[in-house]
Structures are given as C-alpha cells and as structure tokens.
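Some notes on the structure that comes next.
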Amino acid sequence: GDWRFIYASPAVTHLLGYSVEEIVGLSAHDLYHPDDVEDFAHRADSVSYARGLYTHTYRFRCKDGHYTWLESTSRSIRDPVSGELCETLVVSRDASRRIEAEQANRRLARVLESSSDLVVFVAPDLRITQLNESARKALCLTPGVIGSLVLADLLPKSSYSQLIEDGFSSANATGSWTGELDLNVVRSGALVGDAQPLIPVALELLAHRPLQGQVEYYSIVARDLRDARATEAKLKQYQADIDHAARLITMGELASSLAHELNQPLTAIVNYVRGIQRRFKHSSSVRWDELQLPLDKTAATALRAGEIIHRMMDFTRKREPSMEALALAEVIPDLIQLSRPNAERQHVLLLDRADRSLPKVLADRIQLEQILLNLLVNAIEASGQASESMPLQVCIEARLVTEAVAPGMLWIRVKDQGQGLPAGPPQQVFERFFTTKSKGLGMGLAISRSLVETLGGQLWAENNPEGGACFSFSLPLAEEIG
Ligand code: ADP
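Each step along the sequence shown adds one to the number in our numbering, with nothing skipped, and position 310 is 310.
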C-alpha cells in the first residue's frame, strides 16, 4: 500500500547505485521523477493492479541523484481467497538508450518537418510515402492527394527521366546522387495538359538500405533555387549594366581622338567630291575614266569612316555576353587601330608583339576588348612624359603559360614605359574608386579585374625592372592542348 520495497535483487546496484540494504525500506513513490508521479498514480490502480500485469516506462532517481529511464513490468500478487493485493513483483531494465534514441529521432523528425528544404520519402516502387511541410507547401499538395502520389507526379518529363536514368542508377550503386532539376507544382484540380509552374531545385537523392540488404526507401532533399536564380539574374544584369557603363566611359575617353580620326576621311571625301564638281564645271563632257579614281577613293574612304563608327557602336552596344573561341591575333590589331589616334596624339607607339600562332582563348569578344582597351588607355595615359622627340612604347605581348602556376592558359601583358604604378601596394589600383587622376573614376581596373575573373583568369599589376608598369592577365584556352 505504501509502495515500499520489501526485496530487491543485487542487480539493483548496477542499475540504480543503491545496495540491496539501502533500497529495501525506501518507498518507490519517493524515487519517481516528479513529472511521472502523477501520471503513474493516475493509472496505477485501474491498469496495473486490477489486471495483474503492467509494463510502463518512467524516470527513477538513482543514488547519485540523477534520473534514469526504466522500463518495468509489474505483476500484482493477490491473496487467492480475498483477492487482496499482497505485493507487487517488478522486473525493470534500463531504457535510457532506447528513450534517448527515440528522443533523437523525434528531434530529427521535427527538424526535417520544419526544414526549409523540400524533403520527400519514396518507396522502392516509386510511391511517395511522406513529404515534409516545405514540400507540401511548395508543391501545393492538399492532404487528399498525398496518399496517391507517385514520383512521376512531382517532376516534368525531362527531369523525371534524368532522375530515373542518372539519379536512381547512381543512388542504387553508390548510395547517393546530386543534380539540378525542376519540380512540378502539383496543383490539384489542374486540367490535364495545363502548363504547370516549375520549381528549379538542387536535389540530393539518397538510397537507404539496411546493411547489405535491398533498398528500403529513398529520400529526396531538394533546395528551392527560385530566389537564388532571381538574385543571380539580378546580379548578372547589374554587372552587365556596370560593364556597359564602363565601356561608355572608356569610349568617352577615346572619343575626342576618334572624332579627329573621323574628321580625316570626311575631309578627304569632301575633297574628292569637290574635285569631281570642278571637273564638271570646267568641261561639258567628262569621261568615265577621269571620274573612276576619285569616285573609288570616295567610296573607300567613306567605308573606312564607316568602319570606325561601326567598331565604336559595336563596343558600346548593350548586349548579353557570349563565349566563343577567339584568336588574339584577330582581336589585338583592331584594338590597336582603335587606340592609335589617341596614342599618336600623345606620342606613344603601340606595338603588337603577340605570337601569331597562339591557340584560341575562350572569352566574350567585347569583354576581352574592354579589358585590353582599358589597359591600353591607361598605359597611354601613364606615358604622359612622351614627346615628339622622345616617343614611348606600349607593347602587348601574349604567350602560352607552361609554368606549373597556370598551365594551359594564355598570358597577356600590356607593358608601358610610363611613370610606373603609384606608391603603395600594387593591388590598390584594382580597388573600386582608386584613382590618381584628376578626372579619373577609378572604375576601369576594378571592372577589368572582375571581367577577367568571370572569364576564368586573373589580372595583376607590377612595375617593370626597366621602368614603367606592366599589367598581366591570364585566360583559359578554348580547347585543352595535349
Ligand atoms: P582611372 O583610370 O579612372 O584612374 P583605373 O581603375 O583604370 O581608373 O586606374 C586606377 C589607377 O591605377 C589610376 O588612377 C592609376 O593611378 C593607376 N594605373 C592604372 N594603369 C596604370 C599604368 N599603366 N601605369 C601606372 N599607373 C596606372
């Protein structure tokens, strides 16, 4: 009646820390965890002692004061005549491990359920057995449909075949597979043939099997990439806008010399046309062969002017970058031509020392031109001390890198004989808004560096031992060379 121990087996010491003598006489009631006492008292009468056999799990205080989980089976022993309860035989075992494992499982299940990733469990016959809340929400699943879903309902055809062909075969062989796919929003009530919205996801498929057994189930954890893709697109747009603005600035820096360059052919055209006018004025009959040369020259000169304008427009046009295999030998002469008027005005000689036989690089043409043009404009500006009697050189070199640092890349350098890099660490010139020029913006090199990096290379600056600065960048080749 008072739940006192009248006997305990010696195992009690191992389980709870008390010796047999210590525990006999104590009341079990005092050793229950306070949170379990009420529950126990509540059920004890009706369940255990009335029916005679009862198993339950509860916390019990050990000798050192900490509580351990016990699983006990109790048997009530009654007076056969009066039916009165004489004593209770309790067999207990340590249940802490099981309870801890259960608690850990519950915690894991809660984390899975509230994870922002989409979690889906799939049976070996590809039925969907369970989805967490994020998956139910993202796929717009109502409780009614969930029970009858199969994997094919969750993915559009192409993603489904990729998951089956690549994903499941690899998960069956190695245990897991990761890839990027689309998921279907499974709108209930959608008409067959309705275009369903898609969710791009980064997906991990795991095959779960007991040791060496058949696959018991598969799990799919999918991360929704919609926000990341939108941010990526925004960033790309932002970068493209900056690049475009930078090209306009570079072109602005070249504009006055290009205007000068355009003036020449225009003046020549006017002169040819005036010559033709004069001929008609002074003679009533002009022969074709007298006109042919000035007309040919007029056309050729107009075409040359057109080319300059065309190149400027090409360079400043707003456009999506597109990667292609480019031969430097074709790109550099165009840029030299574009920068020549500017260089000549400042008594700078532009030299193309790039090896003609170099393999092609993989780059976007306009981005590559933008990088090179920027370095050329800077190099020409840095050669301020050049004069007619003492012209300075700006030289473009390119070679294949054979060093271990960056094998299989092209190395392009723009070397000048100017005043050299400003005092301080060389990398400061790549910081945004760093400029030593009164009208400088300090954006050119920062943008060039980020362009080089998007193309997969690196850009760095140093001083030449013989004076002047040298800007070098590496670019990946269009094709690996054996
Ligand atoms: P900006 O030309 O508007 O100043 P940049 O980013 O192109 O912007 O260049 C930043 C700074 O790097 C320049 O102001 C200059 O101090 C330095 N710099 C760039 N190119 C050279 C060069 N070839 N020689 C010496 N200094 C250079």
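Note that CB positions come from ideal geometry on N, CA and C, so glycine has one too.
Because the structure is a prediction, the values reported are computed rather than measured.
- For M443, the distance from the CB to the nearest heavy atom of the ligand ADP is below 7 angstroms.
- Not one heavy atom of the ligand ADP sits closer than 7 angstroms to the Cβ of V361.
- DSSP, read as helix, strand or coil, puts H208 in strand.
- Within the same chain, K415 and C470 come within 7 angstroms of N464 by CB-CB distance, once the 5 residues on both sides are set aside.
- Secondary structure note for W69: its beta strand (DSSP E) is the uninterrupted segment Y67 to R78.
- Rounded to whole angstroms, S169 and S474 show a C-alpha spacing of 40 angstroms.
- The continuous stretches of alpha helix (DSSP H) do not include N132, and DSSP gives it neither H nor E.
- Looking at the backbone, the Cα of S257 and that of V185 are separated by about 58 angstroms.
- If you compare the alpha carbons of L126, E290 and P265 with that of L205, the shortest gap goes to L126.
- With distances taken between CA atoms, A202 lies nearest to L163 out of A173, Q237 and L163.
- For E388, the number of other beta carbons within 10 angstroms of its own is below 16, and it is reported as exposed.
- If you draw a straight line from the Cα of Y54 to the Cα of C62, it comes to about 22 angstroms.
- I242 is a Cβ neighbour of I447, given a cutoff of 8 angstroms.
- Using a cutoff of 7 angstroms, the CB of L254 does not count as near the ligand ADP, since none of the ligand's heavy atoms is closer than that.
- The residue among T88, S158, V215 and I77 with its C-alpha nearest the C-alpha of A123 is V215.
- Between Q419 and L351, the gap from beta carbon to beta carbon reaches 8 angstroms or more.
- Positions of the beta strand (DSSP E) runs, each at least 3 residues long and wholly inside the stretch 333-358, are given as 348-352 in order along the chain.
- Counting along the chain, no alpha helix (DSSP H) covers W411; the unbroken beta strand (DSSP E) around it starts and ends at M409 to D416.
- Excluding sequence positions up to five before and after D79, its CB lies within less than 7 angstroms of the CB of C86, all in the same chain and listed in chain order.
- The ligand ADP has a heavy atom closer than 7 angstroms to the beta-carbon of G418.
- Between N172 and A135, the C-beta spacing is not below 8 angstroms.
- For the options L376, E320 and K360, the alpha carbon positioned closest to that of A343 is the one of L376.
- The distance from the Cβ of V273 to that of T301 is about 10 angstroms, inconsistent with a contact at the 8 angstroms cut-off.
- In the DSSP assignment, T316 falls within the unbroken alpha helix (DSSP H) covering W288 to T316.
- Nearest in C-alpha terms to S148, of all of T402, L139, T129 and H310, is T129.
- Relative to the non-hydrogen atoms of the ligand ADP, the Cβ of L372 never comes closer than 7 angstroms to any of them.
- Burial state of V81 is exposed, judged by a 10 Å Cβ sphere holding fewer than 16 other Cβ atoms.
- Not one heavy atom of the ligand ADP lies closer than 7 angstroms to the C-beta of V401.
- Between L89 and D153, the alpha-carbon positions lie close to 56 angstroms from each other.
- The Cβ atoms of P265 and R226 lie no closer than 8 angstroms to each other.
- The bridge partners DSSP lists for Y238 come to none.
- Note: A222 is bridge-paired with L118 and L203 in the DSSP secondary-structure output.
- Residue environment: A461 is assigned as buried (16 or more neighbouring CB atoms within 10 Å of its CB, all protein chains considered).
- A Cβ-Cβ separation of about 6 angstroms places P341 in contact with H260 under the 8 angstroms criterion.
- In this structure, F434 has its CB closer than 7 angstroms to one or more heavy atoms of the ligand ADP.
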